[in-house]
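Visitor: Just dropping this structure here.
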Amino acid sequence: MKLNNNKKKNNRKYNVKVVATIGVAITLIGIVGISIGRYSKGGIKGSGVVLSSISAIESNLNKGFTFIKDGTSNIFKFKENANKVDKLEKENEKLKQEIINLKEESSSTQSLQSLKKSLNFIDEKYKKNMISAQVVGKNDGNWYKSFIIGAGKNDGVKKDSVVVGGNGLVGVVYEVSDNYSKAISLLDTKSSVSFQLLKDPKSKGVISQEANENKNYKAEGLLEGYMFSTSYDVLPGDVVVTSGLGLYPQSIPIGTVEKVIDDKNKGLKNIIVKPYADFKNIDDVVVIEPRNIN
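Numbering-wise, our numbering comes out as the position in the sequence shown, counting from 1, plus 764.
Right under this line is the structure:
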């Protein structure tokens, strides 16, 4: 180790000597050149060579200083550009987040407008205490047959309260806790709702997922039901709304008739209804008080 240290010290001394020697040589050449230029009248042989040498050295020195200057300038420019890029990236991320927030606000506004639209035809007395909530859980599978909403007793939700989505009737609450409630949708086999045709309120019937034994339409997200009388004039495309019998207030949109099936053996006119509610995607709902049937 000691030998290595001594060797390093000797190298440093040697480097210093070399640099000093070069410096002295450049200084001497400069003095000689100045003297020749000052005292020679007609010019001395060899002076041109000396001056050319000085000029070459000076030129190389200038080039070296220019290179260092340009390199330093480029370093500062690189740092400046890097800072600009970093700033632009941060601004870009901020703008992206603002766009996401605006989209969420727009989606929320559209959802509320849809909910209000679906409640347009309901009696005002049921709207007074309506509660807005979000769906926070659901059953397994693609369809929302049963689900949990983030509102409970503390929010005013009661058992048998009616759940309405952005496009129409969704279901009914069957269990209430302090801060959340459980509900079943119209797709559940335990669910049933009395309906009427919008074009003819006298034409009534019941939506029940056990109405048709031949085919399981609920697997396709469709509702099954039947008319109270086979004489009722019901056609595909007819709008179906709640009749006001039972728990559900009158005039809540349910869906449109997809198919009419005459069951002559049982003397029934069955219908298949395509619901307005999207039972694959339920996010925001409104909970309203059930009809007082006591």
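The beta-carbon is built from N, C-alpha and C at its ideal position, and this holds for glycine as well.
Could you pull the DSSP bridge partners for Met991 from this structure?
Guide: Locating residue 991 in the sequence shown gives position 227, where the first residue counts as 1. Paired residues: Gly969.
Visitor: Would Lys909 be called buried (16 or more neighbouring beta carbons within 10 Å of its own) or exposed?
Guide: In the sequence shown, residue 909 corresponds to position 145, counting from 1. So Lys909 ends up on the buried side.
Visitor: Can Asn918 and Tyr990 be called in contact, C-beta distance under 8 angstroms?
Guide: Numbered from 1 along the sequence shown, position 154 holds the residue referred to as residue 918. Numbered from 1 along the sequence shown, position 226 holds the residue referred to as residue 990. Against a cut-off of 8 angstroms, the Cβ pair of Tyr990 and Asn918 comes out as no contact.
Visitor: Roughly how many angstroms separate the alpha carbons of Lys982 and Leu852, rounded to a whole number?
Guide: Position 218 of the sequence shown holds residue 982. Position 88 of the sequence shown holds residue 852. Their backbone Cα atoms lie some 52 angstroms apart in a straight line.
Visitor: So, Ser958 versus Gly905, is the Cβ gap smaller than 8 angstroms?
Guide: The residue you call residue 958 lines up with position 194 of the sequence shown. The residue you call residue 905 lines up with position 141 of the sequence shown. Result no, Cβ atoms of Ser958 and Gly905 do not sit closer than 8 angstroms.
Visitor: By the three-class DSSP mapping on this structure, what secondary structure does Ala915 have?
Guide: Against the sequence shown, residue 915 aligns to sequence position 151. If DSSP states are grouped into helix, strand and coil, Ala915 belongs with coil.
Visitor: Ends of the beta strand (DSSP E) at Tyr938?
Guide: Your numbering for residue 938 matches position 174 in the sequence shown. It spans Leu933 to Val940 - the beta strand (DSSP E) in which Tyr938 sits, taken as one unbroken run.
Visitor: Spatial neighbours of Gly929 within its chain, please: C-beta separation below 6 angstroms, excluding the five flanking residues on both sides.
Guide: Residue mapping note: residue 929 aligns to position 165 of the sequence shown, counting from 1. Hits under 6 angstroms: Ala1041, Ile1046 and Val1049.
Visitor: State buried or exposed for Ser1007, treating a residue as buried only when at least 16 other CB atoms are found within 10 Å of its CB.
Guide: Here residue 1007 corresponds to residue number 243 of the sequence shown, with the count starting at 1. Classification for Ser1007: buried.
Visitor: What is the DSSP secondary structure of Asp1027, reduced to helix, strand or coil?
Guide: In the sequence shown, residue 1027 corresponds to position 263, counting from 1. Note: Asp1027 maps to strand in three-state DSSP.
Visitor: Let me make sure I understand the geometry here. Which of Gly969, Ile1025 and Glu939 has the alpha-carbon closest to that of Ser993?
Guide: The residue you call residue 993 lines up with position 229 of the sequence shown. Nearest C-alpha to Ser993: Gly969.
Visitor: State the start and end residues of the unbroken beta strand (DSSP E) segment that holds Gly901.
Guide: Residue mapping note: residue 901 aligns to position 137 of the sequence shown, counting from 1. Segment Ile895 to Lys902, the beta strand (DSSP E) holding Gly901.
Visitor: State buried or exposed for Ser925, treating a residue as buried only when at least 16 other CB atoms are found within 10 Å of its CB.
Guide: Position 161 of the sequence shown, counted from the start, is the residue given in the question as residue 925. Buried, since its Cβ has 16 or more Cβ neighbours within 10 Å.
Visitor: Quick check on this structure: which residue in Ser945, Lys854 and Glu988 has the alpha carbon closest to the alpha carbon of Gln898?
Guide: Taking the first residue of the sequence shown as 1, we reach residue 898 at position 134. Nearest C-alpha to Gln898: Ser945.
Visitor: Just to confirm the assignment, what range does the beta strand (DSSP E) spanning Pro1039 have?
Guide: Counting from one through the sequence shown, the residue named residue 1039 turns up at place 275. Leu1032 to Pro1039 is the span of the beta strand (DSSP E), which, as asked, contains Pro1039.
Visitor: Looking at the secondary structure, which residues open and close the beta strand (DSSP E) in which Lys946 lies?
Guide: As a first step, residue 946 is located in the sequence shown; it is residue number 182 there, counting from the start. From DSSP, the beta strand (DSSP E) with Lys946 extends over Ser945 to Ser949.
Visitor: Out of Pro1013, Glu857, Ile1018 and Lys892, state which residue places its alpha-carbon closest to the alpha-carbon of Leu951.
Guide: Within the sequence shown, residue 951 is the residue found at index 187, counting from 1. For Leu951, the nearest C-alpha among the options comes from Ile1018.
Visitor: Using the three-state DSSP reduction, which class does Glu961 fall into: helix, strand or coil?
Guide: Counted from its first residue, the sequence shown places residue 961 at position 197. Per the sequence presented here, residue 961 reads as Leu, with Glu not at that position. Leu961 falls in the strand class under three-state DSSP.
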